[in-house]
Amino acid sequence: MRDAWQHRELWGHLGWQDIKQRYRRSVIGPLWITISMGSTALALGLLYSTLFNQDIATFLPYVTVGFVIWNFILGVITEGTDVFIANEGLIKHLPAPMTVHVLRMVWRQLLFFAHNLAVYVIVLIVFFPALTKPYHMEGDDFMHPGITWTILLVIPAMALVVVNAVWVALLFGIISTRFRDIPPVINSFINLIFFMTPIVWHTGVLNKVTNGEGNWRILIAELNPLYHFVEIVRAPLIGHAQYWHHWVVVGAFTIGGWALAFVALRNYRARVSYWV
Numbered sequence: 000m001r002d003a004w005q006h007r008e009l010w011g012h013l014g015w016q017d018i019k020q021r022y023r024r025s026v027i028g029p030l031w032i033t034i035s036m037g038s039t040a041l042a043l044g045l046l047y048s049t050l051f052n053q054d055i056a057t058f059l060p061y062v063t064v065g066f067v068i069w070n071f072i073l074g075v076i077t078e079g080t081d082v083f084i085a086n087e088g089l090i091k092h093l094p095a096p097m098t099v100h101v102l103r104m105v106w107r108q109l110l111f112f113a114h115n116l117a118v119y120v121i122v123l124i125v126f127f128p129a130l131t132k133p134y135h136m137e138g139d140d141f142m143h144p145g146i147t148w149t150i151l152l153v154i155p156a157m158a159l160v161v162v163n164a165v166w167v168a169l170l171f172g173i174i175s176t177r178f179r180d181i182p183p184v185i186n187s188f189i190n191l192i193f194f195m196t197p198i199v200w201h202t203g204v205l206n207k208v209t210n211g212e213g214n215w216r217i218l219i220a221e222l223n224p225l226y227h228f229v230e231i232v233r234a235p236l237i238g239h240a241q242y243w244h245h246w247v248v249v250g251a252f253t254i255g256g257w258a259l260a261f262v263a264l265r266n267y268r269a270r271v272s273y274w275v
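Residue numbering for the sequence shown follows numbering that gives the first Met the number 0, starting at 0 and increasing by one per position.
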């Protein structure tokens, strides 16, 4: 990782060039990312706010922020499994640490995430009065505090998400290089995981639609690790109540994930160039 940081100008430049190459000759360039994200979040927010009888002023920001974070996680997972395979030529001919290719991909996804945050800013401006005071979401038996100084928690939260993104790409990238069936398997299940993760619905709804008997369903949602990663970023951005067990789960995954990634990197780093 120290060597990868010394090559930060390389992976930073390559990640930026990836975006420029993707939108070359496009009139509005990366703004297409923002437009696509905004239209999808608006459609999902309107649909599910009607289905769950939610106030659009608080539910649309919930869906929007969740969808923005989910797209970052989705990009890291799907591109992470392919990160070494896609860079076969560079791996064989460029004398650089393996982590350079991972950081290039994570940096690229961060740039996409930054573009998508424009949608959050627009939603925040539109619904600012509703989000800056205590509010209630249908299905909850408590009030959310609204946006306060706790919005600053998004900084360490996003830092944790990025740190985890690196080990996920390292570990799954190495495994997928050896076992080529892993990427299509993950791509097959990722859409199912989206609907199992509270992105367009929240856990309070489960109790409402099951007349208070949805505790086991909430437990299943809590067992989904991606939910905790989404929630530590989303909660401060929309003024939701903070639950510290989300941070504990993310911290545990950070430690355990990096331990596995270091083991895989130490044992199989030299073999990646042959596997690709």
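Don't be surprised by glycine CBs; every beta carbon is placed ideally from N, CA and C.
| Query | Result |
| --- | --- |
| The alpha helix (DSSP H) that contains P60, what's its start and end? | 55-79 |
| Buried or exposed: A80, going by 16 or more other Cβ atoms within 10 Å of its Cβ? | The residue you asked about is not Ala; residue 80 is Thr in the sequence shown. Label assigned to T80: buried. |
| Which term fits Y242, buried or exposed, when burial requires 16 or more other beta carbons within 10 angstroms of its beta carbon? | exposed |
| A240: which of A56, G256, H201 sits nearest, CA to CA? | H201 |
| For S272 and V165, what's the separation of their Cα atoms in angstroms? | 19 Å |
| What did DSSP end up calling Y47 once you bin it into helix, strand or coil? | helix |
| For F171, which residues in the same chain have their Cβ closer than 8 Å to its Cβ, ignoring the five residues on either side in sequence? | I76, G79, T80, I181, I185 |
| Kindly indicate which residue of Q53, A85, M136, R103 has the alpha-carbon position closest to the one of S175. | A85 |
| Let me check one thing: in DSSP terms, what residues is H143 bridge-paired to? | Y134 |
| What did DSSP end up calling R23 once you bin it into helix, strand or coil? | coil |
| Given this structure, state the Cα-to-Cα distance separating I32 from L13, to the nearest angstrom. | 19 Å |
| By the three-class DSSP mapping on this structure, what secondary structure does Y267 have? | helix |
| Express the C-alpha separation of L116 and A168 in angstroms, rounding to a whole number. | 23 Å |
| Between R245 and E230, what straight-line distance do the alpha-carbon atoms span, to the nearest angstrom? | As written in the sequence, residue 245 is His, which differs from the Arg given in the question. Those two C-alpha atoms are separated by around 7 Å. |
| Suppose you measure from the CA of G11 to the CA of R107; what does that come to, to the nearest Å? | 8 Å |
| At the level of alpha carbons, what is the spacing between Y61 and G256? | 28 Å |
| Can you tell me whether DSSP reads R179 as helix, strand or coil? | coil |
| DSSP on G238, reduced to helix/strand/coil? | coil |
| Taking just the CA atoms, how far does G138 sit from L50? | 13 Å |
| Give the DSSP-derived three-state secondary structure of M97 in the structure shown. | coil |
| So, does the region 146-155 touch the region 218-235, judging by three or more C-beta pairs under 8 Å? | yes |
| When the distance is taken between beta carbons, is V67 closer than 8 Å to L159? | no |
| Less than 8 Å between the C-beta atoms of R268 and M157, yes or no? | no |
| Need the endpoints of the alpha helix (DSSP H) that I90 sits in, please. | 87-92 |
| For H114, does the count of other Cβ atoms within 10 angstroms reach 16, so buried, or fall short, so exposed? | buried |
| Would DSSP call H245 helix, strand or coil? | helix |
| Please list, in chain order, all residues of the same chain as A260 whose beta carbon is under 7 Å from its beta carbon, the five residues on each side excluded. | W166, L169, L170 |
| Below 8 Å on the Cβ atoms is my contact criterion, and I expect V122 with V101 to pass it. Report the Cβ-Cβ distance as a whole number of Å. | Not really, about 31 Å apart at Cβ, beyond 8 Å. |
| Given Y47, which residues of its chain have a CB within under 6 Å of its CB, disregarding the five upstream and five downstream residues? | V199 |
| Take the Cβ of Q20 as the centre, count every other Cβ of all protein chains shown within 10 Å, and call the residue buried at 16 or more, exposed below. | exposed |
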